[in-house]
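To start, the structure itself, in structure tokens.
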Amino acid sequence: MVDGKVVVVTGAASGLGQAAAVAFAREGASLALADIDTAGLVETADRIGGALTIEADVTEAAEVDAMVAAVVDRYGRLDCAFNNA
Numbered sequence: 607m608v609d610g611k612v613v614v615v616t617g618a619a620s621g622l623g624q625a626a627a628v629a630f631a632r633e634g635a636s637l638a639l640a641d642i643d644t645a646g647l648v649e650t651a652d653r654i655g656g657a658l659t660i661e662a663d664v665t666e667a668a669e670v671d672a673m674v675a676a677v678v679d680r681y682g683r684l685d686c687a688f689n690n691a
């Protein structure tokens, strides 16, 4: 269902967000991981074999805009968002 799709996961540094990122990766998605916890993002990216990591506070509109721009810049599109944060 998400094979070949570009997915951004917010709150991806731990817990449900990290579990969602692992599941999306297992299903073949290209991932962008966002959180305010940079170390946790790196851990999640390492766990799934790599992903775009973005330090972002989703309560700040400008940071959300920058996050989306980074995803589109890297992958050319954004197909799905798992908004966990």
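Okay, so the sequence shown: first residue is 607 according to my numbering, each after it adds one. Yeah, the Cβ is synthetic: ideal placement off N, Cα and C, and Gly gets one too.
In this structure A638 does not touch I654 by the C-beta definition: roughly 12 Å separates them, more than the 8 Å allowed. For I660, the beta-bridge partners assigned by DSSP are A640. Here N689 is exposed. Its C-beta has fewer than 16 other C-beta atoms within 10 Å.
For the pair V670 and A635, the CB atoms are not nearer than the 7 Å cut-off.
In terms of CA proximity to L658, E649 leads the group T665, E649 and A691.
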